[in-house]
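Asker: If you're matching them up, the sequences are chains R and D in order. Mapping the first sequence onto this note's numbering, position 32 (from 1) lands on 32, and the numbers just tick up by one. Just so we're on the same page, this note's numbering is the position in the second sequence counted from 1, plus 1000. In this text, a Cβ means the ideal position worked out from N, Cα and C, and glycines have one as well. Here it is, the structure in full.
There are 2 protein chains.
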Amino acid sequence: MTQSHLKEALDTLKETGVRITPQRHAILEYLINSMSHPTADEIYKSLEGKFPNMSVATVYNNLRVFREVGLVKELTYGDASSRFDFNTSEHYHIICENCGKIVDFHYPGLDEVEHLASHVTGFKVKHHRMEIYGVCPDCAGKEVH
Amino acid sequence: MTQSHLKEALDTLKETGVRITPQRHAILEYLINSMSHPTADEIYKSLEGKFPNMSVATVYNNLRVFREVGLVKELTYGDASSRFDFNTSEHYHIICENCGKIVDFHYPGLDEVEHLASHVTGFKVKHHRMEIYGVCPDCAGKEVH
DNA sequence: TAAACTATTTATAACAATTATAATCTAATA
DNA sequence: TATTAGATTATAATTGTTATAAATAGTTTA
Ligand SMILES: [Mn+2]
Ligand SMILES: [Mn+2]
Ligand SMILES: [Zn+2]
Ligand SMILES: [Zn+2]
């Protein structure tokens, strides 16, 4: 599963003429295997054993490259640092306001809202962003003593 | 209309024991009258004629105070600076990817999505965030030569 | 193959939004 | 009036991210 994701991702890089360097391979591998939504710094730190001389700029640069070819999505939350999501299928996120956990969930696209917004504002709609905030089961459990 | 909004806002401050200083009065007035979604720096610059010595920290501090008592909502968009919305009624935003214009629009709350997300993830849902991205009529017009 | 060119990485400096700190000022209270 | 708490100011610090330039590695051309 993750192997085929990695293979597909490497193919995408080849097709778009982006060189596959050891650093890029490792960042992609980490994104796919982590099954989470790491920050650039988390990726940087987790790879410093393997690449002691890797620059943090390399992580940022390559995440930007991956975003540009559609391999990852960047998730921005206010002041904190961006998180990166290996782009498998369309999905939304629900975020715990207590511990910051981000969980995927699927829901059909919000076509109706997009349509109405376009109608009342005259905008040409491209896409939307939606996420839900709340308290995760772990944190809710801890609240009850 | 804006007068009553200002009056209500000042009442809210009184009720919550927040002193009404000239700076706070001016920031609130600006937020209500601007009918837009200014950044802290825009507010700061627009008031420097009236308050030549006002510190930018004062703007940030007071916007935080206003947010904490529920008078304004902070809108965060990735790397750029936060924008602030005087909190009238619940509404969503549609944003032009070309010029950055932010336009309000109304839509009933997305209760169904919240409910499903809660069901499949076990989260206790608090609220959600949704905005739509596209190209505004002005920018779409310019594209056609 | 050698030379030239291009992409990538590294190290480091710069940037920009925001926050922290400490001193000063203002207003409320005793 | 003296005391206290709250607010503002000026400035420094922080932090995530980007820019820059030199070094390295890979690719293409002669
Ligand atoms: Mn995800
Ligand atoms: Mn608004
Ligand atoms: Zn949690
Ligand atoms: Zn526009």
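Return yes when at least one heavy atom of ligand 2 lies under 7 Å from the C-beta of D1104 (chain D), else no.
Answerer: For the purposes of this step, residue 1104 (chain D) is taken as the residue at position 104 of the second sequence. Checking every heavy atom of ligand 2 against the Cβ of D1104 (chain D), one is found closer than 7 Å.
Asker: Would you please verify whether the beta carbon of L1116 (chain D) is less than 8 Å from any beta carbon of chain R?
Answerer: Here residue 1116 (chain D) is taken as the residue at index 116 of the second sequence, counted from 1. Taking Cβ atoms only, chain R reaches closer than 8 Å to L1116 (chain D), which makes this a yes.
Asker: Going along chain D in order, which residues have a C-beta closer than 7 Å to the C-beta of G168 (chain R)?
Answerer: The question about residue 168 (chain R) has no answer here: the residues shown for chain R are numbered 1 through 145.
Asker: Which word fits N1033 (chain D), buried or exposed, when buried means at least 16 other C-beta atoms lie within 10 angstroms of its C-beta?
Answerer: As a first step, residue 1033 (chain D) is located in the second sequence; it is residue number 33 there, counting from the start. Looking at its Cβ environment, which holds fewer than 16 other Cβ atoms inside 10 Å, N1033 (chain D) is exposed.
Asker: Just how far apart, CA to CA, sit L31 (chain R) and G1109 (chain D)?
Answerer: On the first sequence, position 31 is the one that residue 31 (chain R) refers to. On the second sequence, position 109 is the one that residue 1109 (chain D) refers to. Each residue's alpha carbon lies about 34 Å from the other.
Asker: Determine which residues share a DSSP beta bridge with H1127 (chain D) and list them.
Answerer: Locating residue 1127 (chain D) in the second sequence gives position 127, counting from the first residue. H1127 (chain D) pairs with R:Y133.
Asker: With a threshold of 8 Å between beta carbons, is F1066 (chain D) in contact with chain R?
Answerer: Here the question's residue 1066 (chain D) lines up with position 66 in the second sequence. False, the Cβ-Cβ gap to chain R never drops below 8 Å.
Asker: So, with DSSP's three-state summary, where would you put L63 (chain R)?
Answerer: Here residue 63 (chain R) refers to the residue found at position 63 of the first sequence. Helix, per DSSP.
Asker: Roughly how many angstroms separate the alpha carbons of V65 (chain R) and Y1133 (chain D), rounded to a whole number?
Answerer: For the purposes of this step, residue 65 (chain R) is identified with residue 65 of the first sequence, where counting begins at 1. For the purposes of this step, residue 1133 (chain D) is identified with residue 133 of the second sequence, where counting begins at 1. Between V65 (chain R) and Y1133 (chain D), the C-alpha separation is close to 22 Å.
Asker: Check whether the Cβ of H5 (chain R) lies closer than 7 Å to any heavy atom of ligand 1, and answer yes or no.
Answerer: The sequence position of residue 5 (chain R) within the first sequence is 5, counting from 1. Flag unset: Cβ of H5 (chain R) not near ligand 1.
Asker: List the residues that DSSP assigns as beta-bridge partners of T39 (chain R).
Answerer: Looking up residue 39 (chain R) in the first sequence gives position 39. In DSSP, T39 (chain R) forms a bridge with R:R83.
Asker: May I ask you to verify whether the region 93 to 102 of chain R touches the region 55 to 63 of chain R, counting CB pairs closer than 8 Å and requiring at least 3?
Answerer: Short answer: they don't touch.
Asker: Between D:R1129, D:D1138, D:K1124, which lies nearest to P137 (chain R) when the distance is taken from Cα to Cα?
Answerer: Along the first sequence, read from residue 1 onward, the residue named residue 137 (chain R) stands at position 137. For the residues D:R1129, D:D1138, D:K1124, the minimum Cα distance to P137 (chain R) belongs to D:K1124.
Asker: Using a Cβ-Cβ cutoff of less than 8 Å, which residues in the same chain neighbour A40 (chain R) once the five nearest sequence positions on both sides are dropped?
Answerer: Position 40 of the first sequence holds residue 40 (chain R). V56, V59, Y60, L63, S81, S82, F84.
Asker: Measuring alpha carbon to alpha carbon, tell me which residue in D:K1045, D:M1035, D:K1126, D:G1017 is nearest H1005 (chain D).
Answerer: Start at 1 with the first residue of the second sequence, and residue 1005 (chain D) comes out as number 5. It is D:M1035 whose Cα lies nearest to the Cα of H1005 (chain D).
Asker: Per DSSP, which one or two residues make a beta bridge with L75 (chain R)?
Answerer: Taking the first sequence and counting its residues from 1, the one referred to as residue 75 (chain R) is at position 75. R:R83, per the DSSP bridge assignment.
Asker: Check whether the Cβ of H1127 (chain D) sits closer than 7 Å to any heavy atom of ligand 1, and report yes or no.
Answerer: Position 127 of the second sequence, counted from the start, is the residue given in the question as residue 1127 (chain D). Every heavy atom of ligand 1 is 7 Å or more from the Cβ of H1127 (chain D), so no.
Asker: Applying the criterion that 16 or more other CB atoms from any shown protein chain within 10 Å of the CB defines a buried residue, is T21 (chain R) buried or exposed?
Answerer: For the purposes of this step, residue 21 (chain R) is taken as the residue at position 21 of the first sequence. That one is exposed.
Asker: Please determine whether the Cβ atom of D1011 (chain D) lies at a distance below 7 Å from any heavy atom of ligand 1.
Answerer: The sequence position of residue 1011 (chain D) within the second sequence is 11, counting from 1. Answer for D1011 (chain D): no, Cβ out of range of ligand 1.
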